[in-house]
Amino acid sequence: MRGEVIGRSLLLGLLLGGAGFTGIATAAEPCAGCVTAGASTAILRLPPGTPLAGYGGMKRRLLFPDLFGRDAHAFWFKPSVGERDPMTVRALVLETPAARLAWVTLDLVAVDHALVAAVQDRLARAGVPSSALVVSASHTHSGPGAFMSSGLMGLVAVDRLDPAVREALVAGVVSAVQRADRARVPALAATTSVTAPAVTASRLGKPLDQEIVVLKLTTLAGAPLALVWNFAIHGTMLSASDLRLSGDVMGLASARLEQKLGAPALFVNGAVGDVSPARHGEAAMVETAGELASAVEAGWTQARPVPVTTLRVAERKIPLPPAAVSLERCFGSWLPPFFAIPLGSAMPREASLIAAALGDTAWVTFPGELQTSLGQTIKREGRVLFASAFVAGLSNDYLGYFTTRADARGAKYVACATVYGPAAGGCLTDAAIELVRGLRGQTRSATRASSGCDS
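All residue numbers for the sequence shown refer to my numbering, where the first residue is 6 and numbers rise by one.
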């Protein structure tokens, strides 16, 4: 049943079965110092008529804003008309004597710092032990809106903040983390990589990252506990004219994996800034989800979990320059570089990055949409010290797009949405690499990111 906590006991694992189960046992062998892990999955209970977020065009917008309150939760955008598939929250809690991490994935286009802070506050008041918190959005463009504090983001693509929608999300996340925490048991872990099917296309005509990273967690007896899968793809397979709530291709693939494996499947997007689906439409989405689920399942099957006793977590805040919409980056180099619309306090002046390592697997969060080449740089540098490394994009905040300096100057949407300037992408990439290296107690030579990206 969806919403049940997976992995509370060996008996439940035996009933669930699934790939990775290694045999019947009456009791798990002891594992002194092993990481404990618990996971849960649940349906988000959203108010009827919650608007969708992700597309800012007229197919989603009301002709006039709802100044008279005809719609209970929508203002700039049309209300949703039911669900194509359930909106889901998934949670994973990892703990060792030295560290603790709660990781949440949501069927949302993005998250903002205010949502994460509200979850942290509610967890503390509920008595849940303090931990590093990562909240990752799948980047579906058919998920709920009206949950961000920013008036600018509300106007552009998310709709005005509605307290009822925000409360539904916060309550759903907190409940999922609580149940995952209660379900923790000693766990085994393994990470592997598989090649994705040809389901994406580049917005910039450049090579893409076809790797799917699969993190497998089981009980000591081999029963499935949780799956984390990392891949870069935009959740734009459903059109803007479809007003049904949906997790898009990522949500559909995760649901299939959960049905197959009997364990929560947390999808974590990667460096997705210049990555689009190769095809669009509902039929293509169903087919693509099946292809991705099959690839991830193959990775799960080949992964061989082992005892893991180390969990390291580090966080860093990086100062950023003032955000502005550059008309040159939006419309072309014929416009002077100083023609720009400052965004002032509408956008944050710092980025928060969290790096973590579970055994020999490391990852780092990124608060927005990173270009493929920058994500591959982080992964390549991370693999100097770890067997596996990946980028958890769209996590803990949303600060727009981050590209290479060269690609920030093209008159394309990716460049136009790079609001912190052409150097910010490379600077934050350096900061992410430093943070990952710090998990091994190493540092790089001095970089601009050492003091911040605002100079």
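From the three backbone atoms N, C-alpha and C, an ideal C-beta is built for every residue, glycine too.
Going by DSSP in three states, residue i sits in which element: helix, strand or coil?
i    : result
Y60  : coil
A276 : coil
I238 : coil
V133 : coil
R66  : strand
L225 : coil
P168 : helix
K322 : strand
Y418 : helix
F336 : helix
R261 : helix
A231 : strand
G256 : helix
S460 : coil
S155 : coil
S147 : coil
S85  : coil
A141 : Contrary to the premise, residue 141 reads as Ser rather than Ala in this sequence. It is a strand residue.
L250 : strand
A413 : helix
V114 : coil
V517 : Because the chain spans 6 through 460 in this model, residue 517 falls outside it and cannot be assessed.
S400 : strand
A162 : helix
A507 : Nothing about residue 507 can be reported from this structure: the residues present for the chain run from 6 to 460 only.
For residue i, which of the options has the nearest alpha-carbon?
i    : options                : result
T314 : K83, P191, A420        : P191
S207 : L444, T382, S378       : S378
N274 : E287, L113, A289       : L113
L325 : A131, D214, G431, V301 : G431
S143 : G380, S246, A289, V233 : V233
C39  : M290, L222, V419, E374 : L222
E172 : H78, V254, L68, E333   : H78
A226 : K322, A194, L213, K211 : A194
A245 : G43, A58, L440, V330   : A58
V139 : D117, S147, G148       : D117
L220 : A303, M153, M158, L128 : A303
L166 : V424, R385, T55        : T55
I438 : S460, R95, R321, T408  : R321
R105 : M255, F371, V291, A361 : A361
G177 : V280, R189, M92        : M92
G256 : A42, G349, T41, T46    : T46
G156 : K83, A119, V369        : A119
T110 : G74, Y418, V98         : V98
C335 : A300, Q307, C421, L250 : C421
E333 : R414, R410, G150       : R414
N235 : K265, L250, A298       : A298
F152 : W368, G457, F80, L375  : F80
C458 : A288, V86, A328, G364  : A328
A42  : T197, A268, T241, D164 : A268
L3   : G61, D71, V86, M63     : Only positions 6 to 460 of the chain appear in this structure, which leaves residue 3 out of reach.
P310 : T366, A122, F69        : T366
L49  : T197, A169, D164       : A169
R189 : V179, S141, T224, V204 : T224
L160 : G426, K83, F395, A129  : K83
S2   : D214, R187, L209       : Limits of the chain in this structure are 6 at one end and 460 at the other, which puts residue 2 out of reach.
L348 : G405, T306, I323       : G405
P134 : D164, T200, G240, V179 : V179
K469 : P202, L243, A294, C36  : Because the chain is modelled from 6 through 460, residue 469 falls outside the range shown and cannot be assessed.
T145 : R410, V277, Q125       : V277
For the alpha helix (DSSP H) containing residue i, name the first residue and the last one.
i    : result
S378 : 377-387
Would you kindly report the start and end of the unbroken beta strand (DSSP E) that includes residue i?
i    : result
V124 : No beta strand (DSSP E) holds V124; the alpha helix (DSSP H) holding it covers 118-130.
G43  : 41-48
T434 : First-last for T434: 429-443, but that is the alpha helix (DSSP H), not the beta strand (DSSP E).
R95  : 93-100
E355 : 355-363
V330 : 329-331
L111 : 105-111
W368 : 366-370
V396 : 393-397
P347 : 345-347
Got a sec: is the Cβ-Cβ distance from residue i to anything in chain B below 7 angstroms?
i    : result
R171 : Among the protein chains of the structure shown there is no chain B, as only one such chain exists.
Just checking residue i against the ligand GDP - is the residue's beta carbon closer than 6 angstroms to any of the ligand's heavy atoms?
i    : result
S460 : Although the ligand GDP was asked about, the structure shown includes no ligands whatsoever.
request  = Return the chain-ordered ranges of every alpha helix (DSSP H) run that is complete within the stretch 282-319 and spans a minimum of 4 residues.
outcome  = 287-307
key: 3 or more residues per run - each beta strand (DSSP E) lying fully within the stretch 173-214   = 190-200, 205-207
task = Answer yes if the stretch 399-411 comes into contact with the stretch 351-369, meaning at least three C-beta pairs across the two stretches below 8 angstroms, and no otherwise.
result = yes
ask   = Is there contact here, the stretch 438-447 with the stretch 378-398, by at least three beta-carbon pairs under 8 angstroms?
value = yes
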